[in-house]
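Here is the structure we will look at, set down as structure tokens.
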Amino acid sequence: MTDNPLLSVDGLTVAFSSPDGPPVAAVQELSFSLNAGETLCIVGESGCGKSLTALSLMRLLPRPHGMIGAGRIMLEGRDIATASEADMRMLRGRAISMIFQEPMTSLNPVLTIGSQISEMVKVHEGLDETACRQRALDMLKLVRIPEPERRMDDYPHQLSGGMRQRVMIAMALVCDPKILLADEPTTALDVTIEAQILELIQDLKQRTGTAVILITHDFGVVAEMADRVLVMYAGRQIEQGTALELFDAPTHPYTQALMAAMPRFNAEGAQTRLKEIAGIVPALHERGQGCCFAPRCEKATRHCFDSMPPLRLMAGEHSVACWHAGSPQERHP
Amino acid sequence: MLAYVIKRILSTLPVLGVVAIVVFLLLRLSPGDPAAIIAGDNASANDILQIREQLGLDRPYLEQFFGWIGQLITGDFGYSIYLKRPVLQLIGERVEPTLALSLSTMAFAIVLAVPLGVLAAWRAGTWIDQTIMAFAVMAFSVPVFLIGYGLVIQFSLTLNWLPVQGFVSIHKSVGDFIRHLVLPTMTLGLVYTALLARITRATMLEILNEDYIRTARAKGLTESRVLVLHALKNASVPIITTIGTGLALLIGGVVVTESVFAIPGIGRLTIEAVLQRDYPVIQGVILVIASVYVVVNLLIDLSYSLFDPRIRF
Ligand SMILES: Nc1ncnc2c1ncn2[C@@H]1O[C@H](COP(=O)(O)OP(=O)(O)O)[C@@H](O)[C@H]1O
Ligand SMILES: [Mg+2]
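Residue numbers (our numbering), protein chains in the order written: chain A, 4 to 336; chain B, 3 to 315.
Right, here's the structure in full:
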């Protein structure tokens, strides 16, 4: 691990205030770090708290009930968890950008593509109209939108989903952020478009040196993109490590199940899903004191239901939160 | 676009036709005989009969109706039974106060309601929102004439800041014109403001939950930019639609407001005509108002494409 990561998250807890009773935690005690130029994949099924994690980094949790309950999010010596709203506005889009799962609805329908991208440059860098427009146009070229000059004056509804996601990427990267947060950027797109978008992100990352946090539920995507992987289940990190470590020795039964559910191509080239994980992610109020995955786990024992397994370092950077994970390596400070 | 406009205009003709029939029948079937009113209290039955004959009121309804429609098609709205002057001329003389009052009311309402509605939606659930909505419910439920008298007592009679009633043409004195319009505008404007503020709030509430608003915030924009440029622009179609349909509310309110403030506008003309059973004037006024309503709403529909690029005709 590098001494000075670009971003380091320490003990992050996201909670929702509820009218009756104490706040309910949706993400708990999450800790990870991200080095410059690195791609971290956050993996987990729907409802595991991946989006909330990303939104906390932007400090854009659903209002008015969502909030960061505890933890620090250090970026360039500043704690995002406690930064002022004015500071956050400076960081958003400039230090840390985000693209979303829903390209169809994430662009403003009544503003042109060009104006939505150049607005970023105008707000963050204060350039004049022509310079902003030029930057937007260059960006559209970079994300390989055909006929970029013409597209500048188009509205989102005139573009396909894949094209809109390219526009989102152009917008996110136009001010050269240090971190790009991509929350399931290809989930809503079909497979061929998905591959193109991932390739584009990979390519831009190499050109610009932006670090990427890529959220996905698909280990196929992880295999393509990740330097490091964080597996989340029911709001907690349950396994973490370099991509090599995880693919080499997936340890948590949940990680193993996700990998088994990874889409593969059979002999005819058609995509098949090998194995679905039975059951669903427990809702916020159904999370007991034991391991949240226990009800769906083949290996679960009494102990799993009774107490929460801590995250333990196994080897290298590989850590796992499972009572059945074998003997952990001694932790070296 | 042109084809759409023509289609829309043609489709309003049946609407205006129905309005014409309803007005005509309503007047004929409601009690009160213009001939008797013109003839006065001491007139004999014979006098009245004579006047009826003179006015053509003794002829069958169908004949009267088609006679009237025939005139309308040539642009002739007929003569006032009472004043013996062309209806259109009477309306023309009364247009200025009514137009001034309607426009100032709309402007007042829009300037007040849109920011209030946006603010309420932005701060939904807080005391700011609750205060604004409480005001809206109140303004909506208190009758227009009560608001009018309340304002007059406060600002004219007690503080002596503004005239109690009347109207001064803008050609005579711009200052007096404005001074006479302030209280009527506020009186009529409050209801309209309440309506618009509620629609603005409801629309904005929905829009503030949209994904593109989250995107706008993720870009590091200021809240004011998010609210005005990204959210309000998307809310404009429902808001201007309400401005258009609320016109009906406004027209009803104009009649009352003109009475409270003794403004010689079309509202007053209508009331006078109704009291005198001046059929041609009533029919003419209502047809003109219906046409204005229809045309304004057509213009509003056409303006949608200015606000929302997805709408094309
Ligand atoms: N606005 C909200 N109010 C209450 N609970 C929410 C809200 N948004 C998300 N949650 C809860 O938080 C959990 C995690 O959500 P999310 O981060 O969106 O999951 P993921 O992105 O992994 O699919 C979900 O179980 C969901 O029920
Ligand atoms: Mg999500």
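Even glycine gets a Cβ: it sits at the ideal position worked out from N, Cα and C.
Report yes if the C-beta distance between A/Gly69 and A/Val284 is below 8 Å; otherwise report no.
At the C-beta level, A/Gly69 and A/Val284 stay beyond 8 Å of one another.
Quick one: Cα of A/Met317 to Cα of A/Gly293, how far?
Pairing A/Met317 with A/Gly293, the inter-Cα distance amounts to about 21 Å.
Closest to A/Glu187 by C-alpha separation, out of A/Asp221, A/Met155, A/Thr211, A/Asp206, would be which residue?
Ranking the options by Cα distance to A/Glu187, first place goes to A/Asp221.
Return the chain-ordered ranges of every alpha helix (DSSP H) run that is complete within the region 212 to 269 of chain B and spans a minimum of 4 residues.
Qualifying alpha helix (DSSP H) stretches, in chain order: 213 to 220, 235 to 247, 249 to 262.
Between A/Thr85 and chain B, is any beta-carbon pair separated by less than 8 Å?
No - not a single Cβ of chain B is within 8 Å of the one on A/Thr85.
Proximal residues to A/Ala185 (C-beta, below 6 Å), its chain only, five neighbours per side dropped
In its chain, beyond the 5 residues on either side, Ile102, Leu217 have a beta carbon closer than 6 Å to the beta carbon of A/Ala185.
Bridge partners of A/Cys294, per DSSP?
The partner list for A/Cys294 (beta bridge, DSSP) is empty, contrary to what the question assumes.
Please classify A/Thr304: is it buried, with 16 or more other beta-carbons within 10 angstroms of its beta-carbon, or exposed?
Exposed.
Give the straight-line distance between the Cα atoms of A/Leu33 and A/Glu41, rounded to the nearest whole angstrom.
Using only the alpha carbons, I get a separation of about 19 Å.
Where the alpha helix (DSSP H) containing A/Ala220 begins and where it ends:
Before going further, note that residue 220 of chain A is His rather than Ala in the sequence given. Under the DSSP assignment, A/His220 falls outside any alpha helix (DSSP H); it carries neither an H nor an E label.
Would you mind sorting B/Leu192 into buried or exposed? The rule is 16 or more other CB atoms within 10 Å of its CB.
Per the 10 Å Cβ criterion, buried.
Given this structure, state the Cα-to-Cα distance separating B/Arg270 from B/Met188, to the nearest angstrom.
When rounded, the distance between both Cα atoms is 19 Å.
So which of A/Thr108, A/Gly223, A/Ser20, A/His327 has the shortest CA-CA distance to A/Met265?
Nearest neighbour of A/Met265 by Cα position, chosen from A/Thr108, A/Gly223, A/Ser20, A/His327, turns out to be A/Gly223.
Counting only the same chain and skipping the five closest in sequence on each side, list residues whose C-beta sits under 8 Å from that of A/Glu333.
Any reading at A/Glu333 needs caution, since the residue's pLDDT is 47, under 50, leaving its predicted position unreliable; the model's value is listed next. Cβ within range, chain order: n/a, list empty.
Per DSSP, the bridge partner or partners of A/Glu242:
Answer is A/Val234, A/Val323.
Would you check if the distance between the CB atom of A/Lys78 and the CB atom of A/Leu176 is smaller than 8 Å?
Note on residue identity: the sequence assigns Leu, not Lys, to residue 78 of chain A. With respect to A/Leu176, A/Leu78 sits apart: the two C-beta atoms are not nearer than 8 Å.
Taking 6 Å as the limit between beta carbons, can you name the residues of its chain near A/Ser21, skipping five residues before and five after?
Excluding residues up to 5 positions away in sequence, Val27 lie with their Cβ nearer than 6 Å to the Cβ of A/Ser21 in the same chain.
Is A/Gln168 near ligand 2, with its Cβ less than 7 Å from a heavy atom?
A/Gln168 has its CB no nearer than 7 Å to any heavy atom of ligand 2.
Is any heavy atom of ligand 1 found at a distance shorter than 7 Å from the C-beta of A/Phe19?
Checking the Cβ of A/Phe19 against ligand 1 gives yes.
Could you work out which residues of chain B lie near A/Gly96, taking near to mean beta carbons separated by less than 9 Å?
Correct list: Ala220, Lys221, Gly222, Leu223.
Please list the residues of the region 193 to 217 of chain B that have a C-beta atom closer than 7 Å to any C-beta atom in chain A, keeping them in chain order.
The region 193 to 217 of chain B vs chain A, Cβ under 7 Å: Glu212, Asp213, Tyr214, Arg216, Thr217.
Decide if A/Glu105 is buried, meaning its Cβ has at least 16 other Cβ atoms within 10 Å, or exposed.
A/Glu105 is buried by the Cβ-count criterion.
Determine, using beta carbons only, whether A/Glu122 comes closer than 8 Å to chain B.
Interface residue, yes.
Ligand 3: which residues have Cβ under 5 Å from any of its heavy atoms, chain order?
No copy of ligand 3 occurs in the structure displayed; its ligands are ligand 1 and ligand 2 alone.
Any idea what DSSP makes of A/Glu32, helix, strand or coil?
When secondary structure is reduced to three states using DSSP, A/Glu32 falls in the strand class.
Can A/Ile120 and A/Ala173 be called in contact, C-beta distance under 8 Å?
Result yes, Cβ atoms of A/Ile120 and A/Ala173 sit closer than 8 Å.
Is it the case that the region 198 to 214 of chain A contacts the region 240 to 256 of chain A, given that we only count it when at least three CB pairs across the two stretches are under 8 Å?
They do not touch, by the three-pair rule.
Given A/Leu58, which residues of its chain have a CB within under 6 Å of its CB, disregarding the five upstream and five downstream residues?
Answer for A/Leu58: Leu64, listed in chain order.
Given that A/Leu145 touches chain B, what residues does it touch there, using C-beta distances under 9 Å?
Close partners of A/Leu145 in chain B (Cβ separation under 9 Å) are lacking, with about 18 Å as the shortest Cβ gap.
Based on the DSSP secondary-structure assignment, which residues constitute the bridge partners of B/Met3?
Looking at the DSSP assignment, B/Met3 forms no beta bridge with any residue, so it has no partner.
Please decide whether B/Phe315 counts as near chain A, where near means a Cβ-Cβ distance under 8 Å.
No, its Cβ sits nowhere closer than 8 Å to a Cβ of chain A.
Boundaries of the alpha helix (DSSP H) in which B/Phe67 is found, first to last residue
First-last of the alpha helix (DSSP H) with B/Phe67: 63 to 75.
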